[in-house]
Amino acid sequence: MKQDDIKSNFLTTTLESAVNWGRKHSLWPMPFGTACCGIEFMGVMAARTDIARFGAEAVRFSPRQSDLLIVAGRISLKMMPVLIRIYEQMPEPKWVISMGACASTGGVFDTYSVIQGVDKFIPVDVYVPGCPPRPEGVVEGLILLQELVDKEKFSDYSTTLKK
Amino acid sequence: MLLPEIITKIENQFSDCTLDTTKFAGEDIIHIKSSSILEILKLFKNNGFNFLADMTAIDNLTLGGFERFSVVYHLLSHETAERVTVKAYVPEDEPELPSAESLWKTADWQEREIYDLFGISFTGHPNLIRIMNPDDYNGHPLRKDYPRLGNRERDNFPKVTRGINKDYFNE
Amino acid sequence: MNKVPKAMKTERMVLNFGPQHPSTHGTLRIAMELEGETIMKGTPEIGYLHSGFEKLGEYLDYNQYITITDRMNYFSPLCNNVAYALVAEKLIGLEVSKRTEYIRVLMCELSRIADHILNVVMLAVDLGAVTPFFYGFKLREDIYDLFELATGTRLTTSYTLVGGLMRDIPEGFDKAVLKVLNDVDEISSDIETLLNKNRIWQNRTKNIGIISKDDAISYGLSGPMARASGIDWDIRVNEPYSRYDEFDFDVAIALNGDVFDRYLVRMEEIRQSVKICRQALDKMPEGDVMVDPDLGYSLPPKDEVYNSIEGLIYHFEITMRNRGMTPPVGEAYVPTESPNGELGFYIVSDGGRSPYRVRTRPPSLINYSIFPKLIKGHMLSDAPAILGSINIIAGELDR
Numbered sequence: 138m139k140q141d142d143i144k145s146n147f148l149t150t151t152l153e154s155a156v157n158w159g160r161k162h163s164l165w166p167m168p169f170g171t172a173c174c175g176i177e178f179m180g181v182m183a184a185r186t187d188i189a190r191f192g193a194e195a196v197r198f199s200p201r202q203s204d205l206l207i208v209a210g211r212i213s214l215k216m217m218p219v220l221i222r223i224y225e226q227m228p229e230p231k232w233v234i235s236m237g238a239c240a241s242t243g244g245v246f247d248t249y250s251v252i253q254g255v256d257k258f259i260p261v262d263v264y265v266p267g268c269p270p271r272p273e274g275v276v277e278g279l280i281l282l283q284e285l286v287d288k289e290k291f292s293d294y295s296t297t298l299k300k
Numbered sequence: 026m027l028l029p030e031i032i033t034k035i036e037n038q039f040s041d042c043t044l045d046t047t048k049f050a051g052e053d054i055i056h057i058k059s060s061s062i063l064e065i066l067k068l069f070k071n072n073g074f075n076f077l078a079d080m081t082a083i084d085n086l087t088l089g090g091f092e093r094f095s096v097v098y099h100l101l102s103h104e105t106a107e108r109v110t111v112k113a114y115v116p117e118d119e120p121e122l123p124s125a126e127s128l129w130k131t132a133d134w135q136e137r138e139i140y141d142l143f144g145i146s147f148t149g150h151p152n153l154i155r156i157m158n159p160d161d162y163n164g165h166p167l168r169k170d171y172p173r174l175g176n177r178e179r180d181n182f183p184k185v186t187r188g189i190n191k192d193y194f195n196e
Numbered sequence: 007m008n009k010v011p012k013a014m015k016t017e018r019m020v021l022n023f024g025p026q027h028p029s030t031h032g033t034l035r036i037a038m039e040l041e042g043e044t045i046m047k048g049t050p051e052i053g054y055l056h057s058g059f060e061k062l063g064e065y066l067d068y069n070q071y072i073t074i075t076d077r078m079n080y081f082s083p084l085c086n087n088v089a090y091a092l093v094a095e096k097l098i099g100l101e102v103s104k105r106t107e108y109i110r111v112l113m114c115e116l117s118r119i120a121d122h123i124l125n126v127v128m129l130a131v132d133l134g135a136v137t138p139f140f141y142g143f144k145l146r147e148d149i150y151d152l153f154e155l156a157t158g159t160r161l162t163t164s165y166t167l168v169g170g171l172m173r174d175i176p177e178g179f180d181k182a183v184l185k186v187l188n189d190v191d192e193i194s195s196d197i198e199t200l201l202n203k204n205r206i207w208q209n210r211t212k213n214i215g216i217i218s219k220d221d222a223i224s225y226g227l228s229g230p231m232a233r234a235s236g237i238d239w240d241i242r243v244n245e246p247y248s249r250y251d252e253f254d255f256d257v258a259i260a261l262n263g264d265v266f267d268r269y270l271v272r273m274e275e276i277r278q279s280v281k282i283c284r285q286a287l288d289k290m291p292e293g294d295v296m297v298d299p300d301l302g303y304s305l306p307p308k309d310e311v312y313n314s315i316e317g318l319i320y321h322f323e324i325t326m327r328n329r330g331m332t333p334p335v336g337e338a339y340v341p342t343e344s345p346n347g348e349l350g351f352y353i354v355s356d357g358g359r360s361p362y363r364v365r366t367r368p369p370s371l372i373n374y375s376i377f378p379k380l381i382k383g384h385m386l387s388d389a390p391a392i393l394g395s396i397n398i399i400a401g402e403l404d405r
């Protein structure tokens, strides 16, 4: 083969970069929208700010078919077991964006019945502040998550390999 | 019948159960004992007040009043566009009251909410269980002696483990 | 009633329409007992978003609670702000200026348009018609731009204060509103063209979920749900507040009480709201938007607070923890017509800086209580249609 043919037909990279490139550009969200932030999330999916541009195209409401859980809205005492169950049903690799002040810290609701931040019970990767956050804020959160995904290694997901 | 006539009729007919009739900001409020609430509501319903707009309860611990709890009914008449508030006083040691579900079906869920948040039970209600809080919750949150931050139920959930190296949450 | 043929008799199955479900009506749970595809019994369970609003009301100030009221009905938050401010003003006995009332009417009607459009397009998405979703959301984004011009944020506006408004509407607002109103007319007639005479839409919504007039009164229904069953009661006409009697508009009433009628009533109310908005803009009076500060209830504008000593003193008199407003001891309830029905706040005051008890009369909860009766006997795929026509907003349902 000629040298030019090789250059235009072969690509060298590491397996980790290729896998991370695929994962970060196809984060399929599962919206766990409970309150006002759920409505802003519907605005993010609609035509003006469109997260389908970033690969979050297939919004499936089933945890088994998605890899990004977006917790949007306040989580109350009755809803927390449901959230934990949905998180456990998602297969690895999975990430969580906590959208809004109520999901990150409890927000304005410091009462007997609102969980003061979902990060007390499930691991969160990106926090998006705001009450509710602007759609551009959610897009920035998604881009930050993409940068985080880019830096991952295979040993993160293994149970046997040491770090 | 117009509202002032109904009020005088109640004062005459139920004079031992009527505690007071007051007016504030142009609205009429009738304070009664809780034992005769069904008859008085039936009287209102038969005289044009066909709509139960709202039902709630107030804990009079620091406000003062005839008893500790008062259950408040807001009635509306579609023909004459008049509104009246009926307050039934319920003592603390026996917080029970006959249910208005036989008169208006809307009282069903409202009474469940009052039971959940205040602890006042309604005799004759078909299904009196908690509606807002989980079924195994202890206490009645909207009473004045219940703390706003609760009794640590909101910290009482298990932390999720993923079992992989990336489990930064449980390190 | 849809009967299951004898040859296909099966045993009853319990299906859990869980708190996490694809139709985004909020966190509801319905445990349905099915025989074949026919629903025999449906038990709703609510409380998945209970946040203790009423307990917070006893801890926050009169003005601080307005920020909490936006989070109740998050489809049309300005209506909640106006309803709370009206009750607080009735309790204290304040009279607001005519300009304040006209601006409040304008904002309420814009929120009503946004709420009804959202409900209609979500009903359409649940039944499979996805195109109106994108038309409706484009319109909603335009209305969000208007709110952002006037109040500063898109969704949780907190625009009113006790005694008036937070700030006056800016220059050029009326031209922006007129442009959006023309778009509303066009897009809502586009949506009606897509849906009204559509055979599939009519088959899926006519004669489904019929509510009779007696049931509507006994279950305490109000708003478009009651008006679609023939009850002629609109609080803006029968018990007018905030100068609604100076506007000229019609009330939409339908007679059958099924899902199709509720959809038609909502589309007609959008047209009437456009009419009211145009009248409000034409007749907008001049004046200021806050009551006299000497009464002790008005928060001065921020540039006076930062630049003059009187503004600072008035601000501290209301907001510091050991001071605050001193309303009279008593109680008040004002019913208003929100897009869902009769929304009212019931405030009991003991003379202190925070209310003693704040109660919201939740139209979503009271309208939802008729749901178990409505779905009995219908097929499983009628349940999303009936649920969508009730307009349940989980924030108001559970508070």
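For the protein sequence lines, the chains are A, B and C, in the order given. Plus 137 on top of the position in the first sequence (first one is 1) and you've got our numbering. Plus 25 on top of the position in the second sequence (first one is 1) and you've got our numbering. Plus 6 on top of the position in the third sequence (first one is 1) and you've got our numbering. Glycine residues also receive a C-beta, built at the ideal position from the N, C-alpha and C atoms.
| Check | Outcome |
| --- | --- |
| Shorter than 7 angstroms from the beta carbon of LYS130 (chain B) to some beta carbon of chain C? | yes |
| So what does ARG35 (chain C) bridge to, in DSSP terms? | C:GLU51 |
| Would you call VAL136 (chain C) buried or exposed, if buried means 16 or more other Cβ atoms sit within 10 Å of its Cβ? | exposed |
| Looking at the structure shown, is GLY236 (chain C) part of a helix, part of a strand, or coil, going by DSSP? | coil |
| Taking only beta carbons into account, state which residues of the segment 354-377 of chain C come closer than 7 angstroms to chain B, listed in chain order. | VAL354, ASP356, TYR362, ARG363, ARG365, ARG367, LEU371, ILE372, SER375 |
| Measure how close the beta-carbons of ILE276 (chain C) and VAL340 (chain C) come, nearest whole angstrom, since I'm counting them as under 8 angstroms. | Contact flag wrong, Cβ pair sits at about 25 angstroms. |
| Kindly indicate the opening and closing residues of the beta strand (DSSP E) around VAL265 (chain C). | Per DSSP, VAL265 (chain C) belongs to no beta strand (DSSP E); it is in the alpha helix (DSSP H), 265-288. |
| Can you tell which of B:ASP161, B:ASP141, B:SER127 has its C-alpha closest to the C-alpha of PRO151 (chain B)? | B:SER127 |
| Closest by CA to ASN87 (chain C), which one among C:GLU64, C:GLY358, C:LEU62, C:CYS114? | C:CYS114 |
| Going along chain A, which residues have a C-beta under 9 angstroms from GLU178 (chain B)? | LEU214, TYR249, SER250 |
| Since LEU174 (chain B) meets chain A, which of its residues come closer than 9 angstroms, beta carbon to beta carbon? | ASP247, THR248, TYR249 |
| So, for THR16 (chain C): in the same chain, excluding its five sequence neighbours on each side, which residues have a beta-carbon less than 7 angstroms away from its beta-carbon? | GLU41, GLY42 |
| For TRP232 (chain A), write down the residues that DSSP places opposite it in a beta bridge. | A:LEU205 |
| Helix, strand or coil: which one does DSSP assign to MET80 (chain B)? | strand |
| Using the C-alpha atoms, what's the distance from LEU55 (chain C) back to ASN157 (chain A)? | 36 angstroms |
| Is the Cβ-Cβ distance between PHE147 (chain B) and GLU138 (chain B) less than 7 angstroms? | no |
| Is there at least one Cβ from chain A nearer than 7 angstroms to GLU39 (chain C)'s Cβ? | no |
| What would DSSP say about THR75 (chain C), mapped onto helix, strand or coil? | helix |
| For the beta strand (DSSP E) holding GLY90 (chain B), just list the boundary residues, first then last. | Note, GLY90 (chain B): premise wrong, no beta strand (DSSP E); not H, not E. |
| Are ASP148 (chain C) and PRO345 (chain C) close, meaning C-beta to C-beta below 7 angstroms? | no |
| Kindly indicate which residue of A:THR296, A:PHE291, A:THR297 has the alpha-carbon position closest to the one of GLU153 (chain A). | A:PHE291 |
| So, with DSSP's three-state summary, where would you put GLU121 (chain B)? | strand |
| Since ASP256 (chain C) contacts ASN213 (chain C) with CB under 8 angstroms, what's their CB separation in whole angstroms? | Actually they are not in contact, since the Cβ atoms of ASP256 (chain C) and ASN213 (chain C) sit about 26 angstroms apart, beyond 8 angstroms. |
| Here's a check: name, in chain order, each residue in its chain whose Cβ is nearer than 7 angstroms to the Cβ of SER163 (chain A), leaving out the five neighbours to either side. | GLY192 |
| Please identify the residue among A:LYS139, A:PHE169, A:MET182 whose C-alpha is closest to the C-alpha of MET227 (chain A). | A:PHE169 |
| Taking C-alpha atoms, which residue in C:SER164, C:ASP174, C:PRO333 lies nearest to THR106 (chain C)? | C:ASP174 |
| If you measure between the beta carbons of CYS173 (chain A) and ARG77 (chain C), is that distance less than 7 angstroms? | yes |
| Could I get the ranges of all uninterrupted beta strand (DSSP E) runs contained in the segment 238-271 of chain A, with 3 residues as the minimum, in chain order? | 263-265 |
| Are the beta-carbon atoms of VAL265 (chain A) and VAL276 (chain A) separated by less than 7 angstroms? | no |
| Please list, in chain order, the chain C residues whose beta carbon lies closer than 8 angstroms to that of PHE198 (chain A). | GLN26, HIS27, PRO28 |
| Between C:ASP67, C:GLY48, C:ILE36, which has its C-alpha nearest GLY357 (chain C)'s C-alpha? | C:ASP67 |
| Against chain C, does ASN152 (chain B) count as a neighbour if the rule is that its beta carbon must be under 7 angstroms from one of theirs? | no |
| Spell out the partners DSSP gives MET296 (chain C) in its beta bridges. | C:GLY170 |
| Determine the direct distance from the alpha carbon of ASN244 (chain C) to that of ARG108 (chain B), and round the result to whole angstroms. | 12 angstroms |
| Is PRO415 (chain C) near GLY215 (chain C), with beta carbons less than 7 angstroms apart? | The structure shown has nothing for residue 415 (chain C), since chain C only spans 7 to 405. |
| Is there contact here, the segment 33-43 of chain B with the segment 63-77 of chain B, by at least three beta-carbon pairs under 8 angstroms? | yes |
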